[in-house]
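Trainee: Under my numbering, read the sequence shown as residues 6 to 198, first letter to last. From the three backbone atoms N, C-alpha and C, an ideal C-beta is built for every residue, glycine too. Sharing a structure below in structure tokens format, with a few things to ask.
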Amino acid sequence: MNKREDKKEAILLAGMDVMKAAGYNGTSVKDIVDAAGVPKGSFYNYFESKEQFALDAIEHASAEGRANAAALLEDTALTPLVRLTRFFESGIECATNNEYKQGCFLGNMCQEMADTSDDIRNALDQCLNKLTRMLAKVIQEGQQSGTFKSAQDAQVMAEFLFNAWEGTLMRAKAAKSCAPLQAFKSMLGTVLN
6 MNKREDKKEA ILLAGMDVMK AAGYNGTSVK DIVDAAGVPK GSFYNYFESK EQFALDAIEH
66 ASAEGRANAA ALLEDTALTP LVRLTRFFES GIECATNNEY KQGCFLGNMC QEMADTSDDI
126 RNALDQCLNK LTRMLAKVIQ EGQQSGTFKS AQDAQVMAEF LFNAWEGTLM RAKAAKSCAP
186 LQAFKSMLGT VLN
């Protein structure tokens with residue numbers, strides 16, 4: 006990365022932390038630049054608007070999420086069930102470490118902005134579709150190897166699991182508890198068989 010890209014990423018990461026805590030509507034450009042320690046004019050050198058910032062943040066979170074997911078889901082030395090379990094255990098660990106405060110950045114943005122901005126809604130839909138396709142691939146491998154007995158379409162199962170996971174994260178935030186996350190994990194093998 007060059008200096009300009011480094012500065013943009015620093016603003017992006019600082020602003021994402023604020024947006025994770027306060028939401029899109031609860032975050033101003035001033036909040037973002039204050040968190041990044043840069044003048045307000047610097048924000049507009051990198052982002053034409055707060056909405057563009059959010060779009061870049063969504064892409065950053067999605068790319069990071071896909072990279073983390075790939076590390077957990079593409080290890081074919083492990084069974085498909087172990088890979089899926091590790092993927093969701095990673096999310097449980099993250100939620101627990103954050104004391105159930107933040108949930109999923111992409112999921113939170115969906116809840117807040119899907120009805121407000123078509124650009125943000127479309128970007129979120131594309132990102133979440135990429136993640137569910139990664140899950141579907143593992144489910145399909147599990148079906149082909151006989152690990153998973155369900156004959157349900159792998160993509161449909163992936164959509165169900167991912168949507169259930171997002172709801173579980175919301176429930177954990179409301180309960181400030183790991184119990185919903187553990188309940189999800191305990192049902193994973195049952196759903197797939």
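1. Check this for me: beta carbons of T173 and L186, under 8 Å apart or not?
2. Just verifying my parser: in three-state terms, what is the DSSP assignment at S33?
3. Find out if the Cβ-Cβ distance for the pair D124, E56 is shorter than 8 Å.
4. Using 8 Å as the threshold, is the region 84-103 in touch with the region 160-176, meaning 3 or more CB pairs across them?
5. Excluding the five sequence neighbours on either side, which residues of its own chain have a C-beta within less than 6 Å of the C-beta of A141, listed in chain order?
6. Among the candidates M139, L77, L17, whose CA atom is the shortest distance from the CA of F48?
7. Which same chain residues end up closer than 7 Å to C132 when comparing Cβ atoms and leaving out the 5 residues on each side of it in sequence?
8. By alpha-carbon positions, which one of K190, L86, R126 ends up nearest to S155?
9. Where Y29 and A59 are concerned, what is the direct C-alpha to C-alpha distance, given to the nearest angstrom?
10. Helix, strand or coil, according to DSSP, for P44 in the structure here?
11. Starting from F153 and walking both ways along the alpha helix (DSSP H), at which residues does that stretch end?
12. Output the distance between the C-alpha atoms of T84 and G147, rounded to the nearest integer angstrom.
13. Assign S95 to one of three DSSP states: helix, strand, or coil.
14. T195 lies in the alpha helix (DSSP H); which residues open and close that run?
Mentor: Working from what's here:
1. Contact: yes.
2. Three-state DSSP puts S33 in coil, outside helix and strand.
3. In this structure, E56 lies closer than 8 Å to D124 by Cβ.
4. Touching, yes, given that three or more Cβ pairs across the two stretches are closer than 8 Å.
5. For A141, where only same-chain residues beyond five positions count, the Cβ hits under 6 Å are A159, Q160, A163.
6. Nearest neighbour of F48 by Cα position, chosen from M139, L77, L17, turns out to be L17.
7. Taking C-beta separations shorter than 7 Å and ignoring five residues to either side along the sequence, the partners of C132 in its chain run I63, S67, L111, following chain order.
8. S155 has its Cα closest to that of L86, out of K190, L86, R126.
9. If you take the alpha carbons of Y29 and A59, they lie about 8 Å apart.
10. Note: P44 maps to coil in three-state DSSP.
11. Counted as a single uninterrupted DSSP element, the stretch harbouring F153 is not any alpha helix (DSSP H), since DSSP gives it neither H nor E.
12. Straight-line Cα distance between these residues: approximately 8 Å.
13. S95: helix per DSSP, three-state reduction.
14. Residues 184-197.
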